[in-house]
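A short write-up of the structure that comes next.
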Amino acid sequence: MKPDSTGLMDFIDGEKIWETVNSTPRTDAAQVQDILDKAVQAKGLSLEETARLLQVEDPELNESIFETARKVKQGIYGNRLVLFAPLYVTNECGNRCAYCGFKDTNKELLRRTLSADEIRQEVTVLENQGHKRLLLVYGEHPKFGAEWIAETVRNVYDTVSEKSGEIRRVNINCAPLDVEGFRKLHEVGIGTYQCFQETYHRETYAELHPTGYKKDYLWRLHAMHRAMEAGIDDVGMGTLLGLYDYRFDTIALLAHAAELESRFGVGPHTLSFPRLEPALNAEIAFNPPYQISDEQFKRLVAVLRLAVPYTGLILSTRENREMRRELLDLGISQLSAGSRTYPGAYSDQDYDRPDVQQFCIGDNRSLEEVIGEIVEHGYVPSWCTACYRAGRTGEHFMELAKKGFIQEFCHPNALLTFKEYLLDYAQAETQELGISLISHELERLAEKRRAAVADRLNRIENGERDLYL
2 MKPDSTGLMD FIDGEKIWET VNSTPRTDAA QVQDILDKAV QAKGLSLEET
52 ARLLQVEDPE LNESIFETAR KVKQGIYGNR LVLFAPLYVT NECGNRCAYC
102 GFKDTNKELL RRTLSADEIR QEVTVLENQG HKRLLLVYGE HPKFGAEWIA
152 ETVRNVYDTV SEKSGEIRRV NINCAPLDVE GFRKLHEVGI GTYQCFQETY
202 HRETYAELHP TGYKKDYLWR LHAMHRAMEA GIDDVGMGTL LGLYDYRFDT
252 IALLAHAAEL ESRFGVGPHT LSFPRLEPAL NAEIAFNPPY QISDEQFKRL
302 VAVLRLAVPY TGLILSTREN REMRRELLDL GISQLSAGSR TYPGAYSDQD
352 YDRPDVQQFC IGDNRSLEEV IGEIVEHGYV PSWCTACYRA GRTGEHFMEL
402 AKKGFIQEFC HPNALLTFKE YLLDYAQAET QELGISLISH ELERLAEKRR
452 AAVADRLNRI ENGERDLYL
């Protein structure tokens, strides 16, 4: 269905956003400290307060921001970290995004769309690694409608591996649909619908998206409205850093989140902020017009954690191992692992192929390697999907999260899913590290909760699976 943005309102006021960014001084230690005193209470920040923190360049003030973000992250999420993998279903695309390897004019890209059997093959590989949560990614081609996307979701859910593995949560990253299309995705049980605006700056957006359905800025801007109208409680938004000034796009992203909360009572479930990476025949990707340094990127993650403390922050494998490790403490709550960015990649032994992938990734480690490192640093890997299947989503989830629900339920459930992974998939060294961590975490639980979790851990040891509180 061709996009029709007739009558849609542009609720992103570019002039006002720039005014918000530019009206804040770069250094005012007293005002920064006042904002951090508020932020540590985990009640969020205004756009003006967020803009002020993004402007900070003083090293000591930066460290104060980082330390406050660590406290908020620990207080809400503890040491739990959700893991997932992207599964590219097709790289056929009708858009001409200047920064993407999938653009329609890239004749050197090998185009591929997975068949039902190929989807099942990819899913089986991922399940045998231990994955339980997938993000299905689709090129934005008009020939791929909601019915076809829904059928690919069914194929994923119906695939069960020999190791008692099944995918329990399928999230979607696809072109914006109309309300009826989103309703079809909701009916097959998708989790989060994810779509990035890329940049909220209208002129830059038009320049980077000259043709294709993605050219329609307002149709894309209102994608989350239509998804939520269709009954999809959890939506994920993001910007692609490097296309425009990161301060503008960050404030615009939060303004978008505020618009959803005003309209539907709840903002996005997750936010993403990937940095532009090289891609085949996408010249702009090799020389981003608006570079964001590592220090600016770290501050951005920390400030987002303070601005929207209960919103999930996602980090992809675009970043290298060292940066990913550092950002975990500053606010990241979801992490992709063992990622490959083209259709059929997980069944492909020669996977480092620029002729098929969307972009170059910075962390090529396997899921097992990522888990080993984060466990060594005291993090509990989680594949928990209990909330989604128990109806604790959207506004209901946010209400519970603000009452300490994440520590009370999500953390214990993380231990249960981690125990499954250790028994079914992990190598001996990871098993040893993991069992030690679970024992340590179990002792930290309140007595009543500890007994319930210990009982389920024993049942998992004896062969039961998919247990949760």
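So the sequence shown is numbered by my numbering: it starts at 2 and just counts up by one. Beta carbons: idealized from backbone N, C-alpha and C, even for Gly. Model, not experiment: these values are computed from the prediction.
Residue j beta carbon less than 9 Å from that of residue i
{"i": "Leu336", "j": "Ile362", "result": "no"}
{"i": "Leu54", "j": "Val22", "result": "no"}
{"i": "Leu458", "j": "Leu434", "result": "no"}
{"i": "Trp220", "j": "Pro289", "result": "no"}
{"i": "Arg169", "j": "Trp384", "result": "yes"}
{"i": "Leu301", "j": "Lys74", "result": "no"}
{"i": "Leu82", "j": "Leu127", "result": "no"}
{"i": "Thr200", "j": "Leu255", "result": "no"}
{"i": "Tyr218", "j": "Ser367", "result": "no"}
{"i": "Phe183", "j": "Ala253", "result": "no"}
{"i": "Thr318", "j": "Ser348", "result": "no"}
{"i": "Val41", "j": "Lys3", "result": "no"}
{"i": "Lys299", "j": "Glu327", "result": "yes"}
{"i": "Gly192", "j": "Val171", "result": "yes"}
{"i": "Gly487", "j": "Tyr426", "result": "The structure shown does not extend to residue 487, since the chain is modelled only from 2 to 470, so the question has no answer here."}
{"i": "Ala259", "j": "Leu48", "result": "yes"}
{"i": "Gln428", "j": "Glu374", "result": "no"}
{"i": "Arg451", "j": "Glu421", "result": "no"}
{"i": "Tyr214", "j": "Glu141", "result": "yes"}
{"i": "Ala43", "j": "Tyr311", "result": "yes"}
{"i": "Asn129", "j": "Glu163", "result": "yes"}
Limits of the beta strand (DSSP E) - the one that residue i falls within
{"i": "Tyr139", "result": "Arg134 to Tyr139"}
{"i": "Met238", "result": "Val236 to Gly239"}
{"i": "Ser65", "result": "That residue, Ser65, is in no beta strand (DSSP E); its alpha helix (DSSP H) goes Pro60 to Tyr78."}
For residue j and residue i, believed in contact at Cβ under 8 Å, the rounded distance
{"i": "His257", "j": "Met238", "result": "6 Å"}
{"i": "Val376", "j": "Leu416", "result": "Actually they do not touch by this definition, with Cβ atoms about 12 Å apart."}
{"i": "Ala31", "j": "Ala303", "result": "Not a contact, Cβ separation roughly 20 Å."}
{"i": "Asp364", "j": "Glu430", "result": "20 Å between Cβ atoms; not a contact."}
{"i": "Thr386", "j": "Lys133", "result": "7 Å"}
{"i": "Thr153", "j": "Leu137", "result": "7 Å"}
{"i": "Pro344", "j": "Arg113", "result": "4 Å"}
{"i": "Ile461", "j": "Leu468", "result": "6 Å"}
{"i": "Leu37", "j": "Ser65", "result": "6 Å"}
{"i": "Leu329", "j": "Tyr380", "result": "7 Å"}
Minimum C-alpha distance to residue i - residue among the options
{"i": "Pro279", "options": "Asp467, Gly243, Ala387 and Gly266", "result": "Gly243"}
{"i": "Asp246", "options": "His202, Ser273, Gly268 and Leu219", "result": "His202"}
{"i": "Glu68", "options": "Val236, Leu307 and Gln122", "result": "Leu307"}
{"i": "Ala207", "options": "Gly190, Ala99 and Tyr139", "result": "Ala99"}
{"i": "Leu110", "options": "Thr91, Thr125, Glu128 and Gln122", "result": "Thr91"}
{"i": "Gly95", "options": "Lys108, Phe85 and Thr240", "result": "Lys108"}
{"i": "Val180", "options": "Tyr89, His223, Thr193 and Pro143", "result": "His223"}
{"i": "Ala117", "options": "Asp159, Glu163 and Pro143", "result": "Asp159"}
{"i": "Thr225", "options": "Gln292, Ile439, Leu136 and His270", "result": "The displayed chain sequence assigns Met, not Thr, to residue 225. Out of Gln292, Ile439, Leu136 and His270, His270 has the C-alpha closest to the C-alpha of Met225."}
{"i": "His210", "options": "Arg326, Cys411, Thr106 and Gly192", "result": "Thr106"}
{"i": "His378", "options": "Leu424, Leu438 and Ser367", "result": "Leu438"}
{"i": "Phe103", "options": "Tyr139, Phe197 and Thr125", "result": "Tyr139"}
{"i": "Phe124", "options": "Phe145, Arg112, Glu167 and Glu141", "result": "It should be noted that the sequence gives Val, not Phe, for residue 124. It is Glu167 whose Cα lies nearest to the Cα of Val124."}
{"i": "Phe410", "options": "Lys420, Ile436, Tyr78 and Pro4", "result": "Tyr78"}
{"i": "Ile13", "options": "Thr251, Arg97, Ala447 and Arg466", "result": "Thr251"}
{"i": "His441", "options": "Ala259, Glu465 and Pro413", "result": "Pro413"}
{"i": "Leu261", "options": "Asn282, Ile372, Arg451 and Asp234", "result": "Asp234"}
{"i": "Glu296", "options": "Ala151, Glu369 and Glu58", "result": "Glu58"}
{"i": "Val371", "options": "Ser334, Tyr469, Asp35 and Arg325", "result": "Arg325"}
{"i": "Arg227", "options": "Arg264, Lys449 and Lys215", "result": "Arg264"}
{"i": "Phe197", "options": "Lys185, Val189 and Ile173", "result": "Ile173"}
{"i": "Ser294", "options": "Leu281, Asn156, Arg248 and Val267", "result": "Arg248"}
{"i": "Lys216", "options": "Glu188, Pro143, Gly190 and Ile461", "result": "Pro143"}
{"i": "Thr509", "options": "Gly313, Ile436 and Tyr291", "result": "As displayed, the chain neither begins before 2 nor continues past 470, which places residue 509 out of reach and without an answer."}
{"i": "Gly146", "options": "Leu186, Gln432 and Arg155", "result": "Leu186"}
{"i": "Ala275", "options": "Leu46, Gly268, Leu62 and Ala286", "result": "Sequence inspection shows Pro at residue 275; the Ala mentioned does not correspond to that position. For Pro275, the nearest C-alpha among the options comes from Ala286."}
{"i": "Asp29", "options": "Asp11, Ile18, Trp19 and Asn63", "result": "Asn63"}
Limits of the unbroken alpha helix (DSSP H) element including residue i
{"i": "Phe419", "result": "His412 to Asp425"}
{"i": "Ser47", "result": "Looking at the DSSP string, Ser47 is not in any alpha helix (DSSP H), and its letter there is neither H nor E."}
{"i": "Ser273", "result": "Not the alpha helix (DSSP H): Ser273 falls in the beta strand (DSSP E), residues Thr271 to Ser273."}
{"i": "Gly15", "result": "Gly15 to Asn23"}
{"i": "Val454", "result": "Glu448 to Glu462"}
{"i": "Lys39", "result": "Ala30 to Ala40"}
{"i": "Phe437", "result": "The sequence as given places Ser at residue 437; Phe does not occur at that position. Per DSSP, Ser437 belongs to the alpha helix (DSSP H) from Ala429 to Arg445."}
{"i": "Thr205", "result": "Arg203 to Leu209"}
{"i": "His226", "result": "Ala224 to Glu230"}
{"i": "Tyr471", "result": "The chain is shown only over 2 to 470; residue 471 falls outside these bounds and no answer can be derived."}
{"i": "Glu260", "result": "Tyr247 to Phe265"}
Q: Could you name each continuous beta strand (DSSP E) segment of 3 residues or more that falls completely within the region 316-391, going from the start of the chain to the end?
A: 335-337 and 381-383
Q) Which ranges would you report for the beta strand (DSSP E) in the region 139-199 if only whole runs of at least 3 residues count? A) 170-174
Q.
Which complete alpha helix (DSSP H) runs does the region 78-129 hold, if anything under 4 residues is left out?
A. none
Q: Would you list, in sequence order, the uninterrupted alpha helix (DSSP H) runs of no fewer than 4 residues that lie entirely inside the region 276-310?
A: 284-287 and 295-308
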